[in-house]
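**Q** For the sequence shown, this note's numbering begins at -1 and goes up steadily by one. From the three backbone atoms N, C-alpha and C, an ideal C-beta is built for every residue, glycine too. Note that the structure is predicted; figures quoted are calculated from it, not measured.
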Amino acid sequence: MTALRSLPPWASYVLQGLVLTALAVLLFRTVDWAEAARLVTGARPMPLIAAALMLTFQTLLSALRWRLTASRLGIALPIEFAIREYYLSQVVNQSLPGGVLGDAGRAIRARGAAGLMASGQAVIFERVAGQLGLLSILVAALAINAVTPGGLRWPVAVQNALWVALGIGLIGAVALFLLNRSVLLGRSLLQFHHAVLAGPVLAPQVVLSLGTACCNIAAFALCAAAIGAPLPPVAAAALVPMILFAMVLPLSISGWGLREGAAALLFPVAGLSASAGLAASVAFGLTFLAITLPGLLMLRRGPDLAEARQPEPDP
């Protein structure tokens, strides 16, 4: 992903256009668009409202996780500032390609007395902690499904993709272990441990990260229920993280297209149609876009965090 973000702007836009065009062709060939449109337009409002509440709660928990992570790196964020900036970053991420410019702005405006390096690490570590929470639920759901008779029916292509992802993860872990000898990476890993995994903060970090992951999964499942394609709990816990992980790739605006393609591919695993997957993903995307609207009010934001007092020493 770092390599993708380092491309020249024109090359990045061309790559994004090619990927989205390929996804559009794939979806056109495999999905009944008329059926998907009918499901979206006929969505029941109450599950969508519940999904919006889940996503709002997820935003608040994420802001608290950022505040906790930053405090461990010497940045004291007022709670109002953390919530305001998180909403503002979501608006930017929903509006511009890449899905990270809002987070970059959040780091810049929170640099305060600790400097840009520390504020940037706080943002990155907070996002990584959230992905780890989602990954933990995915692994647990896959383990439960493996020992449960009549579980999800995985197509060969999806099974192969899972094995490839697992292999990449293992290679990445080994690479990190070997590169840990470098001064810069070693220091960053130590700071990540201090900010996210150390004893005094491990429990609240786990609660906040699992909380945000559960809110995201529940919101997607509620959107699926709203369009008439309910996901069983284990299926939601296994499939939704995979769908949401597709949004991490900086190849579209806020994951649009990538998320829908993943949902159309994975919903048949749970015995639902690809059209239902597309419709559920569109409903989720629109609901998420709606709950970021308060961030528009933050465009007339207050001043940056000019000063940040050092938190009290850890006991």
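Just the Cα atoms here: how many angstroms apart are S273 and L229?
**A** Their backbone Cα atoms lie some 14 Å apart in a straight line.
**Q** Once DSSP output is grouped into helix, strand and coil, what is the label at I314?
**A** Outside the shown range of the chain, which is -1 to 313, sits residue 314, and nothing can be said about it.
**Q** Can you name the start and end residues of the alpha helix (DSSP H) that S273 belongs to?
**A** Run containing S273: A272 to I289, per the alpha helix (DSSP H) assignment.
**Q** Who are I73's beta bridge partners in DSSP?
**A** Paired residues: none, contrary to the question.
**Q** Could you tell me how far apart the beta carbons of A278 and A222 are, in whole angstroms, since I believe they sit closer than 8 Å?
**A** Between A222 and A278 the Cβ distance is about 4 Å, and since that is below 8 Å, they are a contact.
**Q** Cα-Cα, which of G275, L294 and T285 is closest to A48?
**A** When only C-alpha atoms are compared, the closest one is T285.
**Q** Just tell me which of L295, L294 and G283 has its CA closest to the CA of A50.
**A** The residue with the shortest Cα to Cα distance from A50 is G283.
**Q** When we look at the beta-carbon of V137 and count the other beta-carbons within 10 Å, is it buried (16 or more) or exposed?
**A** Exposed: under 16 other Cβ atoms inside 10 Å.
**Q** Between I122 and chain D, is there a C-beta pair that is closer than 8 Å?
**A** The structure shown contains no chain D; it holds only a single protein chain.
**Q** Compare the Cα-Cα distances from G100 to each of G110, Y84 and A112 and report the closest residue.
**A** Out of G110, Y84 and A112, Y84 has the C-alpha closest to the C-alpha of G100.
**Q** Measuring CB atoms only, is the region 65 to 72 touching the region 113 to 121, in the sense that at least three cross pairs come out at less than 8 Å?
**A** Verdict: yes, contact present.
**Q** Just to confirm the assignment, what range does the alpha helix (DSSP H) spanning V238 have?
**A** First-last of the alpha helix (DSSP H) with V238: P231 to F243.
**Q** Could you name the residues of the same chain whose beta carbon sits closer than 6 Å to that of L53, not counting the 5 residues immediately before and after it, in chain order?
**A** Hits under 6 Å: A217, F286 and I289.
**Q** Below 8 Å, how does it come out for the region 229 to 242 and the region 144 to 155: are there three or more Cβ pairs, yes or no?
**A** Segments in contact, yes.
**Q** Roughly how many whole angstroms lie between the Cα atoms of S60 and A244?
**A** Rounded to whole angstroms, S60 to A244 spans 19 Å at the Cα level.
**Q** Give the straight-line distance between the Cα atoms of A159 and G253, rounded to the nearest whole angstrom.
**A** Roughly 19 Å between the two C-alpha positions.
**Q** Whose C-alpha, out of I142, I77, A193 and A262, is nearest the C-alpha of P153?
**A** Minimum Cα distance to P153 is reached at A262.
**Q** Please say whether L270 and A227 have beta carbons closer to each other than 8 Å?
**A** Yes, they are a contact pair.
**Q** Do the region 86 to 95 and the region 34 to 47 touch if we need at least three Cβ pairs shorter than 8 Å?
**A** Output reads no: the region 34 to 47 does not touch the region 86 to 95.
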